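Since the structure comes first, as structure tokens, the remarks are kept for the end.
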């Protein structure tokens, strides 16, 4: 009898380990040019549960000030000093790319909130540890070209960031345009910190495009669009998911009315059809968001952060309970479980990961949205 009681107590100790605290490092741009992305992402992090299954979860946040060097320095600190089990971030593609080598070297799973396909492709020893929640720019570029074709556009102008986000998007846009027929008649670039793009806009307008695609993120994306309108451009202007928040509209005002974008479905959660795969999780997040923040301020970026939580929550639920957080074995199991995610409903659709696909959304996941009467709306 005595032996059986002791054995029972030992089994309870194994079933409920005392070390069940998970640390998640968070690197976001809450200051600098990308602050309009990082602030809603940080707000979403503040809504994340601190208890996930049998685990207590601690979120350790660091601001990278929209700087690639700071992003890498922050992630180095999180993996070496704090021994985090996973990383959420960064807010932008360049900052996420700066963090990839650290995530791979330390064998720490990282869920990026940047959009560029180059964050997760081509797959290599470092990128096998990296995942991302925004749609691949190949998907959003494809959806944009489809909308351009449906509008009868034959000549396209391009003005984009002179960085990893802009270049990755341009590559995917060219791939989508070539077999479809429209001509890319002008390509111009600008920096996130530029205060004027008049020269670039004039060169684009000289090429007489029917529509212009602006590839930028946050409030800096307003500059080329406002300049195009000031200079008399009358055609449609397409932006990317990098602008789908209220700050873009607040800063752009009348100049951004009519903007079109292939973007995250959570941005227009209430307008999604009832049978849309993102409707239920998007509305659930909207309700949670509304307990602390203005519902009208919900954006794609807060959704990207929340979807990172959903990925980690689902993966944590499948980690062997005998593995100890803070160890390589635990991080490796967590990585493997994220990669094996199947049929997970998120605020932007259904995620199915694989060793070759660390994004998991189908190419038809983006929805077309537009700015109408000062708000993002589902495009008809």
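In the working numbering, the protein residues as written are 2 to 381. Glycine residues also receive a C-beta, built at the ideal position from the N, C-alpha and C atoms. Computed from a predicted model, the values in this text were never measured in an experiment.
{"query": "Could you name the residues of the same chain whose beta carbon sits closer than 7 Å to that of residue 44, not counting the 5 residues immediately before and after it, in chain order?", "result": "294 and 303"}
{"query": "Could you please give the first and the last residue of the uninterrupted beta strand (DSSP E) stretch that includes residue 124?", "result": "Run containing residue 124: none; DSSP gives neither H nor E here."}
{"query": "Provide the residue span of the beta strand (DSSP E) that contains residue 294, from first to last.", "result": "Residue 294 -> no beta strand (DSSP E), and no H or E assigned at all."}
{"query": "Of all the options 219, 248, 257 and 249, which has the alpha carbon lying nearest to the alpha carbon of residue 235?", "result": "257"}
{"query": "Between which residues of its own chain and residue 312 is the CB-CB distance below 8 Å, once the five residues before and five after are set aside?", "result": "112, 132, 134, 339, 342, 345, 347 and 352"}
{"query": "Given a cut-off of 8 Å on the beta-carbon distance, is the pair residue 194 and residue 326 in contact?", "result": "no"}
{"query": "Would residue 223 and residue 252 qualify as a contact pair, given that the criterion is a beta-carbon distance under 8 Å?", "result": "yes"}
{"query": "Sort 139, 244 and 64 by Cα distance to residue 299 and report the nearest one.", "result": "244"}
{"query": "Using the Cα positions of residue 27 and residue 227, report the straight-line distance between them to the nearest angstrom.", "result": "33 Å"}
{"query": "From this set, 315, 328, 366 and 317, which residue's C-alpha is nearest residue 280's C-alpha?", "result": "366"}
{"query": "Count the other C-beta atoms from every protein chain shown that fall within 10 angstroms of the C-beta of residue 173, then say buried if there are 16 or more, exposed otherwise.", "result": "buried"}
{"query": "Given a cut-off of 8 Å on the beta-carbon distance, is the pair residue 94 and residue 115 in contact?", "result": "yes"}
{"query": "With DSSP as the reference, label residue 1 as helix, strand or coil.", "result": "Here the chain comprises residues numbered 2 to 381, so residue 1 is not present and cannot be evaluated."}
{"query": "Just mark residue 124 as buried or exposed, buried being the case when its beta carbon has 16 or more other beta carbons within 10 Å.", "result": "exposed"}
{"query": "Compare the Cα-Cα distances from residue 47 to each of 60, 36 and 53 and report the closest residue.", "result": "60"}
{"query": "Go to residue 145, then tell me how far its alpha helix (DSSP H) extends in each direction, as first and last residue.", "result": "138-151"}
{"query": "Which residue spans inside the region 17-48 form an unbroken beta strand (DSSP E) run of at least 3?", "result": "22-29"}
{"query": "Taking the DSSP output, what are the residues bridged to residue 113?", "result": "133"}
{"query": "Label residue 203 either buried or exposed according to how many other C-beta atoms from any shown protein chain fall within 10 Å of its C-beta, with 16 as the threshold for buried.", "result": "exposed"}
{"query": "Can the beta-carbon of residue 66 be found closer than 8 Å to that of residue 32?", "result": "yes"}
{"query": "Could you spell out where the beta strand (DSSP E) holding residue 184 opens and where it closes?", "result": "184-191"}
{"query": "CB-CB under 6 Å to residue 271, same chain, minus the five flanking residues each way: which ones, in chain order?", "result": "none"}
{"query": "Cβ of residue 1 within 8 Å of Cβ of residue 87?", "result": "Because residue 1 is not part of the residues shown, which for the chain are 2 to 381, the question remains open."}
{"query": "Tell me the rounded alpha-carbon separation between residue 250 and residue 376.", "result": "7 Å"}
{"query": "Using DSSP bridges, identify the partner residues of residue 240.", "result": "262"}
{"query": "Should residue 369 and residue 380 be called a contact, given that it needs their Cβ atoms to be closer than 8 Å?", "result": "yes"}
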